[in-house]
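Protein chains in written order, with UniProt numbering: chain A, 1 to 520; chain B, 1 to 520.
Glycine included, every Cβ here is placed at the ideal spot set by N, Cα and C.
The structure presented is a predicted model; accordingly, all values stated were derived computationally and were not measured.
Structure first, then comments.
Below you can see the structure in the form of structure tokens.
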């Protein structure tokens with residue numbers, strides 16, 4: 001390989017700078033919308049297959065049972081008539097199905113800006129930012145580093161900037177420079193002020209969940225009654241696969257559910273490691289773990305807004321490393337989609353990859369996982385922008401690149417692309433142009449060209465020579481520039497000064513009280 | 001951006017070299033197979049939509065007509081009772097549908113190695129190499145250059161090496177260093193000796209088509225009767241959209257059809273340029289152009305093996321540049337898939353991108369187009385490996401990267417991933433492991449782990465630190481190393497010395513005769 005290692009370094013100023021301005025202007029971004037997935041889901045299972053996974057999950061719940069380490073949960077299962085032996089809870093399928101039937105197939109979450117209300121279920125497919133990586137990578141730093149508050153805030157700015165990102169998940173990177181006892185206060189303050197989209201609380205101890213619910217309440221200017229009257233936020237929990245739910249996650253969900261907030265239950269079932277090496281075995285385990293918790297929440301509050309999550313992938317059997325966006329991941333996601341529809345629950349999956357940097361592998365793995373979300377009928381796509389290294393790294397370049405793919409998926413959902421009215425079939429235009437002309441200048445084109453096609457903001461569609469003259473930037477370099485430009489021009493969403501002040505006071509008071517315990 | 005521009009340069013030797021050896025060993029490549037696409041196609045059109053496009057195409061054929069510049073074709077249409085006015089041919093839908101009904105829904109092509117027989121149609125999805133770029137780019141050269149014979153031969157070696165590549169399309173790069181009059185002789189000699197897969201002839205004048213058919217016949221050691229007894233090769237033609245078929249392309253198809261060889265008819269209908277700005281208009285035009293030629297071939301030889309191709313995409317309305325792998329491209333491909341099934345014809349689409357280098361954009365655009373091939377029920381995926389810059393550049397790194405994606409699609413098609421037998425549901429394994437163990441060591445895993453999951457050869461699933469220690473190579477750099485390793489270790493497929501000698505003699509004779517005219 002020559003010394004001209006790709007990608008070439010960016011030329012500063014000149015044409016490249018002009019291009020940067022054009023590339024990040026607002027006209028290139030699609031408007032906020034809640035896309036509807038009209039594709040018939042891809043269904044690898046036939047009816048017998050669905051029944052086999054259902055029966056497998058039910059037998060796990062009936063004959064093996066799930067460990068609930070949370071004492072309150074165990075008491076509730078006892079009250080409900082389940083078979084409890086220490087922390088082991090066995091539950092009959094009739095009871096489980098009775099509880100699951102109480103869950104809504106679709107519900108809304110309304111954040112402080114009501115225009116950013118989201119609907120989970122009902123054919124919608126919505127996207128959220130990467131959540132929870134402990135590390136950060138960008139092209140300027142050029143290496144993997146521990147996350148900090150500034151990086152976290154920048155990723156929240158990207159979350160707010162992109163209309164194709166519908167909800168703010170967990171911390172887009174862990175700000176390790178903020179002490180764990182008060183981290184939730186600082187990050188949620190940043191999230192509440194830098195975004196006006198639906199937010200999230202980690203279920204990591206009662207103080208954190210209660211603090212976040214209070215901060216979301218303050219951000220909306222709501223009374224307590226107004227806050228609990230409808231979902232304003234959500235929490236997402238993972239089971240400790242195999243077959244276990246820990247103390248704080250169930251606690252956090254119970255707190256949210258009792259105050260009318262939404263919960264997402266996402267087992268992390270890596271086939272070959274904490275789940276069977278067979279994908280339908282891993283899915284059966286995932287379904288059992290998720291339903292056991294959702295059944296509990298429905299028992300506590302019938303009709304509680306719940307989402308069934310999937311994080312079933314496989315490991316590399318040589319190294320034990322998790323793999324993402326694999327064929328097995330795609331099929332597991334599609335199978336879980338069939339099961340979610342069988343149970344009548346909204347579904348969450350993810351936009352994921354194993355790649356360490358925002359390169360070709362990152363994009364084929366992420367594309368595979370995002371298309372699996374589409375194919376599975378997923379309603380809520382977690383980690384859809386910014387994820388690298390199996391979730392251990394957050395990357396702003398990857399965030400920008402993923403948003404291009406997500407925008408294309410949103411555009412793909414627009415029914416006008418496949419409209420077949422006479423004006424779309426365009427017989428008269430074809431007759432007008434005949435065999436010797438072209439369609440650029442005709443009225444049929446002039447009337448439609450502005451909205452006819454997807455307009456990219458990272459993709460460079462120029463020919464090689466024009467691209468080279470403009471700096472010859474590879475995709476990640478263009479994305480870096482766009483990231484910087486978005487941050488430089490970011491405008492905070494409006495917030496009433498009194499509300500901001502109340503949030504500040506709340507954070508100050510809770511910090512003076514010591515924040516939250518760090519014994520999780 | 002810092003001076004540490006990604007991707008970092010490769011470290012030579014040491015760990016990286018060892019890894020290279022492992023990465024390209026044969027065990028990481030999937031075996032030759034003809035995958036069956038079991039997914040229900042994605043169908044954006046309802047029955048009325050299919051009828052609207054069909055009616056649009058039929059009205060184009062009946063009321064506007066197609067220009068056939070080939071005089072023989074015009075005479076044949078006259079014989080068949082079509083309405084001919086100069087070069088304009090109008091044909092009634094009854095006649096068109098009667099002709100199209102004669103075409104087989106599925107057929108085989110058998111090359112010199114009968115183990116490499118391919119089946120087009122019948123649920124198969126097969127992949128071919130990039131065809132016809134005039135330029136070449138690799139990381140060692142670091143810039144776009146005109147193609148030459150060595151590069152072309154290397155790309156043919158990749159075509160042969162990868163089991164996931166089922167057929168050899170056109171020249172994987174144009175060897176501009178070989179005079180056009182004899183280029184077909186040299187490249188087809190290289191193709192016949194470096195590969196044993198199904199090959200292709202350009203329809204660029206009778207001499208070229210006849211020469212290639214003769215060379216394919218020689219390569220198989222077949223008599224003329226044996227050659228014509230079944231499809232041994234194919235040609236692919238493009239119409240000159242809008243509404244025109246030129247002289248040599250129809251001539252080449254007629255020559256192939258009369259000798260029992262297969263033809264693929266692929267209009268190149270860029271919406272907004274040579275086709276209507278509406279996707280269903282562009283598809284209607286494409287269908288009309290393709291069917292007009294296929295109807296002719298069925299009239300000439302009922303049952304002739306024909307494939308309907310699609311190359312409908314859109315242009316960037318700002319620059320006029322073609323775009324690929326867009327949402328509009330995906331929907332057009334799916335719509336064409338519905339029409340191909342409506343007409344009972346095998347279908348061709350492509351693996352395409354507008355990106356100039358093998359980076360993130362290249363892979364999301366290519367992934368979009370390859371998944372559209374899957375979703376549309378495509379049987380023959382042209383340009384599936386190695387394409388850049390809208391087909392103007394061939395890249396060996398991109399070839400290697402695409403083969404990873406193609407292998408994953410092939411693995412995705414394997415029904416065992418979604419099997420739900422009791423052993424797959426794995427209830428006993430889940431019970432055995434319980435809530436405190438893991439699945440790595442149990443018998444259920446041991447019995448299955450070797451074939452449980454897709455095994456990559458370009459993707460790096462190690463964590464960031466291990467990846468960095470091994471050289472920190474971005475995907476294109478790893479692909480470059482694999483490309484070099486494949487070429488260095490390439491073994492030609494066996495060929496009888498007498499056959500090779502006969503091919504050499506044929507090439508020498510035809511060169512001494514001056515090759516083919518270059519007035520095309």
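Item, Value
"CA-to-CA distance, residue 448/B to residue 347/A, given in whole angstroms", "29 Å"
"Nearest neighbour of residue 137/B, chosen from 464/A, 137/A and 60/A [CA to CA]", "464/A"
"C-beta neighbour in chain B for residue 334/A, strict 9 Å", "yes"
"Neighbour flag for residue 61/B against chain A, beta carbons, 9 Å", "no"
"Residues near residue 84/A in its chain [Cβ-Cβ closer than 7 Å; skip 5 each side]", "74, 77 and 78"
"Option in 432/A, 238/A, 446/A and 342/A with minimal Cα separation from residue 97/A", "342/A"
"Neighbour list for residue 56/B in chain A, Cβ cutoff strictly below 7 Å", "425 and 427"
"Local conformation of residue 323/A per DSSP, three classes", "strand"
"Contact with chain A by residue 464/B, beta-carbon distance below 9 Å", "yes"
"Closest residue to residue 103/A among 305/A, 288/A and 227/A (Cα-Cα distance)", "305/A"
"Entirely enclosed alpha helix (DSSP H) segments - the region 395 to 426 of chain B, minimum 4 residues", "396 to 412 and 422 to 425"
"Alpha-carbon to alpha-carbon, residue 501/B and residue 26/B", "Unreliable positioning characterises residue 26/B in this predicted model, as indicated by a pLDDT of 46, which lies under 50. The coordinate reading is nonetheless provided below. Approximately 30 Å, taken between the alpha carbons."
"Min CB distance residue 32/B to chain A below 9 Å", "no"
"Listed by chain order, chain A residues near residue 244/B by CB distance under 9 Å", "435 and 436"
"Backbone CA spacing between residue 286/A and residue 95/A [nearest angstrom]", "19 Å"
"Beta-carbon neighbours of residue 401/B, restricted to chain A and to distances below 9 Å", "360, 361 and 364"
"Cβ pair residue 461/A, residue 394/B closer than 9 Å", "no"
"Chain A within 9 Å of residue 83/B, Cβ atoms only", "no"
"First and last residue of the uninterrupted beta strand (DSSP E) at residue 66/A", "66 to 68"
"Straight-line Cα distance separating residue 480/B from residue 509/A", "57 Å"
"is_contact[residue 279/B, chain A] using C-beta, thresh 9 Å", "yes"
"Residue 439/B at chain A interface by Cβ criterion, 9 Å", "yes"
"Meets three-Cβ-pair contact criterion under 8 Å: the region 286 to 302 of chain A and the region 256 to 274 of chain A", "yes"
"Straight-line gap, residue 55/B to residue 485/A (C-alpha atoms, nearest Å)", "49 Å"
"Cβ-based neighbour list, residue 233/A, same chain, cut-off 6 Å, excluding 5 preceding and 5 following", "199, 216 and 261"
"Nonlocal neighbours in the same chain, by C-beta distance under 6 Å from residue 43/A, ignoring five residues either side", "338"
"From 219/A, 255/A, 221/A and 376/A, residue whose alpha carbon lies closest to that of residue 236/A", "255/A"
"Chain B residues whose Cβ lies nearer than 8 Å to that of residue 45/A", "418 and 420"
"Amino acids of chain B, ordered along the chain, whose beta-carbon sits closer than 7 Å to that of residue 393/A", "464"
"Which of helix, strand or coil DSSP assigns to residue 126/B", "strand"
"Contact set between residue 238/B and chain A, taken where Cβ atoms lie within less than 7 Å", "Residues of chain A passing the Cβ test: none, with the nearest at roughly 15 Å."
"Closer than 9 Å to chain B by CB, residue 192/A", "no"
"Burial state of residue 334/B, where buried means 16 or more other Cβ atoms lie within 10 Å", "buried"
"Runs of alpha helix (DSSP H) wholly within the region 228 to 266 of chain A (minimum 4 residues, chain order)", "247 to 258"
"Integer-rounded CB distance, given that residue 351/A should sit under 8 Å from residue 402/A", "6 Å"
"Any alpha helix (DSSP H) of 4 or more consecutive residues that is wholly inside the region 35 to 77 of chain B", "47 to 59"
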